[in-house]
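Participant: One structure, as structure tokens, below. Some questions next.
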Amino acid sequence: MLHSDPLKTTVYLGLGANLGDRDGQIHHALARLSAVPGVAVEQVSTLRDTAPFGVPAQPDYRNGVARLITSLPAMALLAVLKQLEAEAGRDMTASKGAPRPLDLDLLLYGDQHIDHRDLVVPHPRMMERNFVLEPLRELGFDVARLPLPAAKPELLSEPDELVQQSTRWLEGGCTVGLVPTMGALHEGHGALVARARQHCDRVLATIFVNPLQFGAGEDFERYPRTLDGDRALLARHGCDAVFVPDQHAMYGPSFCSYVTPDALADELEGASRPGHFRGVATVVAKLFAMARPTDAFFGRKDAQQVAILRRMTTDLAFPIRLHECPTVREHDGLALSSRNRYLAPEDRAAAPVLFMALDRMRGLFQAGQRDPAQLLAAGKALLADEPRARLDYLELRAEGSLAPLPPGEISAGRALVAAWFGSAPRTRLIDNLSLGEADLDPRVAP
Ligand code: AMP
Numbered sequence: 009m010l011h012s013d014p015l016k017t018t019v020y021l022g023l024g025a026n027l028g029d030r031d032g033q034i035h036h037a038l039a040r041l042s043a044v045p046g047v048a049v050e051q052v053s054t055l056r057d058t059a060p061f062g063v064p065a066q067p068d069y070r071n072g073v074a075r076l077i078t079s080l081p082a083m084a085l086l087a088v089l090k091q092l093e094a095e096a097g098r099d100m101t102a103s104k105g106a107p108r109p110l111d112l113d114l115l116l117y118g119d120q121h122i123d124h125r126d127l128v129v130p131h132p133r134m135m136e137r138n139f140v141l142e143p144l145r146e147l148g149f150d151v152a153r154l155p156l157p158a159a160k161p162e163l164l165s166e167p168d169e170l171v172q173q174s175t176r177w178l179e180g181g182c183t184v185g186l187v188p189t190m191g192a193l194h195e196g197h198g199a200l201v202a203r204a205r206q207h208c209d210r211v212l213a214t215i216f217v218n219p220l221q222f223g224a225g226e227d228f229e230r231y232p233r234t235l236d237g238d239r240a241l242l243a244r245h246g247c248d249a250v251f252v253p254d255q256h257a258m259y260g261p262s263f264c265s266y267v268t269p270d271a272l273a274d275e276l277e278g279a280s281r282p283g284h285f286r287g288v289a290t291v292v293a294k295l296f297a298m299a300r301p302t303d304a305f306f307g308r309k310d311a312q313q314v315a316i317l318r319r320m321t322t323d324l325a326f327p328i329r330l331h332e333c334p335t336v337r338e339h340d341g342l343a344l345s346s347r348n349r350y351l352a353p354e355d356r357a358a359a360p361v362l363f364m365a366l367d368r369m370r371g372l373f374q375a376g377q378r379d380p381a382q383l384l385a386a387g388k389a390l391l392a393d394e395p396r397a398r399l400d401y402l403e404l405r406a407e408g409s410l411a412p413l414p415p416g417e418i419s420a421g422r423a424l425v426a427a428w429f430g431s432a433p434r435t436r437l438i439d440n441l442s443l444g445e446a447d448l449d450p451r452v453a454p
């Protein structure tokens with residue numbers, strides 16, 4: 009079949025080697041490539057020495073570019089290139105920056121844009137590489153024609169854009185990690201994005217101050233909106249795209265379908281914020297339906313939210329892995345929160361009392377105290393000593409499910425706290441800690 013296909017697509021290939029007989033390996037690979045049915049090597053640039061950058065000390069590279077004509081689909085050509093790299097003795101399991109006897113990069117495949125798990129074309133870093141641009145010019149390619157790489161994270165505003173982007177990734181075999189947020193991002197959100205980056209091929213954040221999860225008199229109107237800074241933070245942590253819809257795009261005038269979690273949704277946070285978790289579950293279900301992520305990342309800082317969303321994901325059969333990420337804290341223990349910026353300096357100085365109360369309970373538990381009343385009394389005493397904090401609740405619940413604990417001594421549990429600071433408008437902060445676990449939460453530098 010391949011023999012009868014017309015040769016049609018022009019391909020530019022990056023050539024590199026920094027181990028062994030560098031020129032010999034490159035020329036041998038090009039000869040082998042010419043012998044592949046459906047591939048013709050048209051022209052090869054001169055090869056030049058390039059100092060490696062951004063990697064531990066290693067020999068100079070030999071670099072160039074070749075122009076081919078091919079009838080092979082891009083993925084089939086990629087398979088041939090990988091085979092030639094392996095034949096040249098390259099360790100295909102070695103880390104990204106490791107020295108290599110042969111490197112064949114598919115830079116351009118006609119004018120196609122490919123966003124596949126194993127292949128992104130045009131090559132996303134070629135514009136930064138003189139050892140690619142100079143040989144391309146030598147081959148007569150007008151580098152001004154190269155599309156500028158899209159600024160990361162790409163901004164998606166319309167639900168259709170989100171659906172299409174996610175569909176492209178999923179069809180390209182990528183795993184897609186979703187990080188839902190309300191913006192005003194801090195390093196706690198950054199840690200979720202970084203975790204998603206480790207686990208998934210593509211990372212999608214969302215920023216939406218969801219009116220459904222705010223009650224009357226809460227801070228919906230004044231919730232901080234800091235899109236430029238948010239995009240910079242997302243870029244730093246390797247986020248590929250961010251969905252920032254307006255309210256109308258999420259809830260049109262006839263919107264009337266909600267996800268209403270039961271039981272746990274009316275306790276703890278739900279008791280003080282009626283309807284809050286209905287709003288959270290509805291928006292997350294909608295984001296799940298639009299983005300169809302393979303994985304979703306949430307912070308343990310909002311332990312009740314995680315418990316409710318886990319239940320929802322199971323109950324509504326979303327085929328999505330949920331990841332619960334540790335709470336990122338300030339150096340003094342205060343959990344990072346978008347709402348910390350509301351705090352007056354005196355309240356900011358007082359706010360670590362939440363963590364201190366939880367930590368006191370953990371310390372007592374780990375020293376052998378198993379009576380929940382004693383543990384709660386110790387936490388409450390510490391909170392009562394801080395006049396700037398007005399306690400909403402301090403409770404002990406079962407790990408994971410956050411169900412009420414059976415009466416009597418406990419063998420494990422999670423302490424959860426909420427309190428207000430300041431006045432008109434007051435700021436509500438929450439936190440939680442496992443009694444049994446060591447203090448491993450990450451801290452940001454002072
Ligand atoms: P928000 O923007 O407040 O809706 O939070 C978005 C996500 O970030 C949620 O999954 C939160 O649990 C998570 N998050 C918020 N603060 C922190 C923190 N200090 N550490 C880790 N995750 C956090």
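Offset between the sequence shown (1-based) and this note's numbering: plus 8.
Ideal placement from N, C-alpha and C gives every residue a C-beta, glycine not left out.
Bear in mind the structure is a predicted one, so any value in this text is a computation, not a measurement.
For a test of the three-state rule: what should DSSP assign to N138, helix, strand or coil?
Facilitator: N138: helix per DSSP, three-state reduction.
Participant: Cα-Cα, which of T17, D227, R308 is closest to L115?
Facilitator: Here the closest residue by C-alpha is T17.
Participant: Report yes or no: do three or more beta-carbon pairs, one from the segment 170-180 and one from the segment 292-311, lie closer than 8 Å?
Facilitator: Contact holds: three or more Cβ-Cβ distances are below 8 Å.
Participant: Taking a contact to mean a Cβ-Cβ separation below 8 Å, would you say A315 touches G408 in this structure?
Facilitator: Yes, the Cβ-Cβ distance between A315 and G408 is below 8 Å.
Participant: Determine the closest residue to P161 out of V201, M134, E146, L178, with distance taken between C-alpha atoms.
Facilitator: For P161, the nearest C-alpha among the options comes from V201.
Participant: Is G196 near the ligand AMP, judged by its Cβ being under 7 Å from some heavy atom?
Facilitator: For the ligand AMP, at least one heavy atom lies less than 7 Å from the Cβ of G196.
Participant: Taking E445 as the reference, give the member of N348, A375, D99 with the closest Cα.
Facilitator: Closest option to E445, Cα to Cα, is A375.
Participant: Quick test of your reading: L391 and L402, contact by CB under 8 Å. State the CB separation rounded to the nearest angstrom.
Facilitator: Contact holds; Cβ gap of about 7 Å.
Participant: Distance check for F429 and L156, CA to CA, integer angstroms please.
Facilitator: Going from the Cα of L156 to the Cα of F429 covers about 48 Å.
Participant: Could you tell me which whole beta strand (DSSP E) segments of length 3 or greater appear in the segment 155-198?
Facilitator: Complete beta strand (DSSP E) runs here, min 3: 162-164, 184-189.
Participant: DSSP puts L404 in a beta bridge; with which residues?
Facilitator: Answer by DSSP bridge pairing, in chain order: A423.
Participant: In the DSSP output, which residue or residues are listed as bridge partners for F306?
Facilitator: Paired residues: E332.
Participant: Heavy atom of the ligand AMP less than 7 Å from the Cβ of S346, yes or no?
Facilitator: Under cutoff, so the answer is yes.
Participant: At what residues does the beta strand (DSSP E) containing F251 begin and finish?
Facilitator: Looking at the DSSP string, the run of the beta strand (DSSP E) that includes F251 is 249-251.
Participant: Put V452 into one of helix, strand or coil per three-state DSSP.
Facilitator: DSSP places V452 in coil when its eight states are reduced to three.
Participant: Measuring from the CB of K309, is there a heavy atom of the ligand AMP at a distance below 7 Å?
Facilitator: Within the cutoff, so yes.
Participant: Determine contact between the segment 282-290 and the segment 261-271, defined as no fewer than three beta-carbon pairs at a distance below 8 Å.
Facilitator: Yes, since at least three Cβ pairs between the segment 282-290 and the segment 261-271 fall closer than 8 Å, the two stretches touch.
Participant: Strictly by DSSP, which residues pair up with L23?
Facilitator: Beta-bridge pairing links L23 to G72, L112.
Participant: To the nearest angstrom, how far is it from the Cα of V128 to the Cα of M135?
Facilitator: Taking the straight line joining both Cα atoms gives about 14 Å.
Participant: With C-beta atoms as the reference, is L362 less than 8 Å away from L372?
Facilitator: No.
Participant: What are the boundary residues of the beta strand (DSSP E) that includes R436?
Facilitator: Residues 435-442.
Participant: Contact check, L351 vs T234 under 8 Å by CB: the rounded distance?
Facilitator: With 8 Å as the limit, L351 and T234 do not qualify as a contact, their Cβ atoms being about 16 Å apart.
Participant: Hey, out of A432, A389, Y20, whose CA is closest to G148's CA?
Facilitator: Checked all of A432, A389, Y20; the closest Cα to G148 is Y20.
Participant: Which residues in the same chain have their Cβ closer than 7 Å to the Cβ of R125, if we skip the five residues on either side of it in sequence?
Facilitator: Same-chain partners within the cutoff: G180, G181, C182, D209.
Participant: What do you reckon, are the CB atoms on V73 and L27 nearer than 8 Å?
Facilitator: Taking 8 Å as the Cβ cut-off, V73 and L27 do not qualify as a contacting pair.
Participant: In chain order, which continuous runs of the alpha helix (DSSP H) of length 4 or greater are located wholly inside the segment 60-107?
Facilitator: Those alpha helix (DSSP H) runs which fall completely within the segment 60-107 and span 4+ residues are 82-95.
Participant: Looking only at its chain, what residues have a beta carbon closer than 8 Å to the beta carbon of G196, apart from the 5 residues adjacent to it on each side?
Facilitator: Only G307, K309, T335, V336, A343, L344, S345 meet the Cβ criterion.
Participant: Could you tell me the distance, in whole angstroms, from the CA atom of I49 to the CA atom of E146?
Facilitator: A quick correction: the sequence has Val, not Ile, at residue 49. Those two C-alpha atoms are separated by around 16 Å.
Participant: Have a look at the DSSP bridge pairing and note the partners of L212.
Facilitator: DSSP output for L212 lists L186, A249 as bridge partner(s).
Participant: Tell me whether E338 sits in a helix, a strand or coil according to DSSP, three-state version.
Facilitator: Coil, per DSSP.
Participant: Could you give the DSSP three-state label for V291: helix, strand or coil?
Facilitator: Reduced to three states, the DSSP call for V291 is helix.
Participant: Can you tell me whether DSSP reads D274 as helix, strand or coil?
Facilitator: The answer is helix: DSSP assigns D274 an H, G or I state.
Participant: Pick helix, strand or coil for H35, following the three-state DSSP scheme.
Facilitator: Three-state DSSP puts H35 in a helix.
Participant: With a threshold of 16 other CB atoms inside 10 Å of the CB of E394, please say whether the residue is buried or exposed.
Facilitator: Result: buried.
Participant: Within the present structure, is the beta-carbon of T189 separated from the nearest heavy atom of the ligand AMP by less than 7 Å?
Facilitator: Under cutoff, so the answer is yes.
Participant: Would you check if there are 3 or more beta carbon pairs closer than 8 Å linking the segment 214-230 to the segment 273-286?
Facilitator: Cβ pair count under 8 Å is three or more, so yes.
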